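Report on the following structure.
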Amino acid sequence: IVWRQQATFGAIADRYVQYLNNKYGQDITVIFDGFPDDDKKSTKNCERLRRAAHFSPDVMFHEETVLQYTKEKVLANECNKKRFIKLLKKAFQKANICVQQAVEDADLTIVNTDISVAPQYDYGRVVALFGQGKNKFISLFLKHEELLNRAATFLNPQATTEQVTEAEENVLVALYGGDPATQNLDELRYHSFVKAAAKTKFNLARLPPTTDAAQLHAMRSYHQVQTWLGNEKDPLKWGWMHTPSGLFPKKSEKDPAPESLLQCISCTCKKGCTNACGRRKAGLHCSLLCKHCIG
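As structure tokens, this is what we get:
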């Protein structure tokens with residue numbers, strides 16, 4: 162929804178109501194994320210901090226307040242977002258639109274609502290990895306029942322970290338075109354790199370993850386699945402760490418490639434390195450090989 166300058170917040174909320182009615186008709190349910198008071202204990206905190214990285218003013222507004230900032234600037238502030246959700250909920254309820262707000266993460270509430278209306282609508286929700294389409298992920302499980310059984314490990318509340326990480330590695334090796342029976346992720350990553358290096362241009366992000374990175378990802382994924390299932394797990398034992406800003410994902414402790422190879426990668430930045438820097442994109446610090454920044 163485009164927020165028109167000089168419109169009131171009440172008018173903006175009415176546009177959301179109009180959009181929902183026009184697109185979805187009757188029997189609409191809108192589900193909002195929740196925002197816990199002690200968000201430093203939340204595994205969602207780091208993502209919310211990332212989204213709010215740029216300074217955004219705290220705006221006090223009500224239905225009659227005229228918009229003075231862009232939509233992006235208003236919603237980048239967590240307090241503004243809470244106020245706007247409160248305003249939207251009021252407008253939706255007035256229009257007889259069902260509104261729910263999760264305690265924290267709306268995903269479980271959305272899934273439960275999806276299940277309750279499944280006989281009426283034919284749709285699903287799947288999360289994919291970078292460079293790997295959702296259809297490929299679904300097809301993998303449809304073709305290989307044994308991989309689906311491995312993935313079921315994430316539903317087991319008694320699963321160990323070893324069982325979880327092994328299950329994820331098997332699935333990821335198959336997803337990236339390898340053979341789980343004979344290859345691990347690091348071997349597959351090396352062979353994928355050799356093939357990609359022969360091309361004139363390739364994206365390092367499309368390589369399979371390292372075993373170390375995949376293990377941490379598996380642990381966090383398991384923690385999230387168990388949270389959805391209502392099983393409380395200690396995030397510090399499942400891929401998260403405490404920081405002054407709250408819970409953040411643990412970083413991989415191993416290099417993404419041998420040190421000798423990493424030192425061969427240089428950037429061509431002419432002034433100062435930005436987010437477009439080749440080494441930064443690869444998660445590396447600049448080295449003496451870099452033409453202008455020389456490390």
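Throughout the sequence shown, residue numbering follows my numbering, covering 162 to 456 in sequence. The beta-carbon is built from N, C-alpha and C at its ideal position, and this holds for glycine as well. As the structure is a prediction and not an experimental result, all values here were calculated from the model.
Can you give me the C-alpha to C-alpha distance between residue i and residue j, rounded to a whole angstrom?
| i | j | result |
| --- | --- | --- |
| residue 136 | residue 234 | With the chain covering only 162 through 456, there is no way to say anything about residue 136. |
| residue 164 | residue 371 | 43 Å |
| residue 446 | residue 410 | 20 Å |
| residue 387 | residue 377 | 16 Å |
| residue 354 | residue 194 | 40 Å |
| residue 457 | residue 338 | The structure shown does not extend to residue 457, since the chain spans only 162 to 456, so no value can be given for it. |
| residue 432 | residue 243 | 41 Å |
| residue 398 | residue 350 | 27 Å |
| residue 185 | residue 395 | 40 Å |
| residue 430 | residue 438 | 6 Å |
| residue 343 | residue 451 | 38 Å |
| residue 312 | residue 385 | 14 Å |
DSSP three-state label for residue i, please.
| i | result |
| --- | --- |
| residue 173 | helix |
| residue 403 | strand |
| residue 409 | strand |
| residue 451 | coil |
| residue 261 | strand |
| residue 178 | helix |
| residue 279 | With a pLDDT of only 37 at residue 279, under 50, the local geometry of the prediction cannot be trusted, and the value read off the model is given with reservation. It is coil, neither helix nor strand. |
Counting only beta-carbon separations shorter than 9 Å, does residue i have a partner in chain C?
| i | result |
| --- | --- |
| residue 354 | Reference to chain C is not applicable here, since this structure consists of a single protein chain. |
On a CA-only basis, which of the options is nearest residue i? Give me that one, please.
| i | options | result |
| --- | --- | --- |
| residue 188 | 258, 432, 365, 377 | 258 |
| residue 262 | 311, 412, 246, 429 | 246 |
| residue 237 | 404, 250, 220, 191 | 220 |
| residue 250 | 307, 181, 292 | 181 |
| residue 322 | 400, 231, 440 | 400 |
| residue 231 | 179, 317, 169, 374 | 169 |
| residue 302 | 434, 175, 291, 336 | 336 |
| residue 252 | 227, 341, 177 | 177 |
| residue 417 | 226, 436, 440 | 440 |
Skipping 5 residues on each side, what residues in its chain have a beta carbon closer than 8 Å to that of residue i?
| i | result |
| --- | --- |
| residue 345 | 330, 334, 372 |
Grab me the residues of residue i's own chain with a C-beta within less than 7 Å of its C-beta, minus the 5 sequence neighbours each way, in chain order.
| i | result |
| --- | --- |
| residue 325 | 314, 315, 379, 380, 383 |
| residue 363 | 357 |
Using a Cβ-Cβ cutoff of less than 6 Å, which residues in the same chain neighbour residue i once the five nearest sequence positions on both sides are dropped?
| i | result |
| --- | --- |
| residue 171 | 224 |
| residue 374 | 413 |
Just reading off the beta strand (DSSP E) that residue i is part of, what are its end residues?
| i | result |
| --- | --- |
| residue 324 | Careful: residue 324 lies outside any beta strand (DSSP E), inside the alpha helix (DSSP H) at 322 to 336. |
| residue 190 | 190 to 193 |
Considering just the uninterrupted stretch of the alpha helix (DSSP H) at residue i, what are its terminal residues?
| i | result |
| --- | --- |
| residue 235 | 232 to 236 |
| residue 387 | 372 to 389 |
| residue 162 | Neither: residue 162 is in no alpha helix (DSSP H) and is coded neither H nor E. |
| residue 359 | No alpha helix (DSSP H) contains residue 359, which DSSP labels as neither H nor E. |
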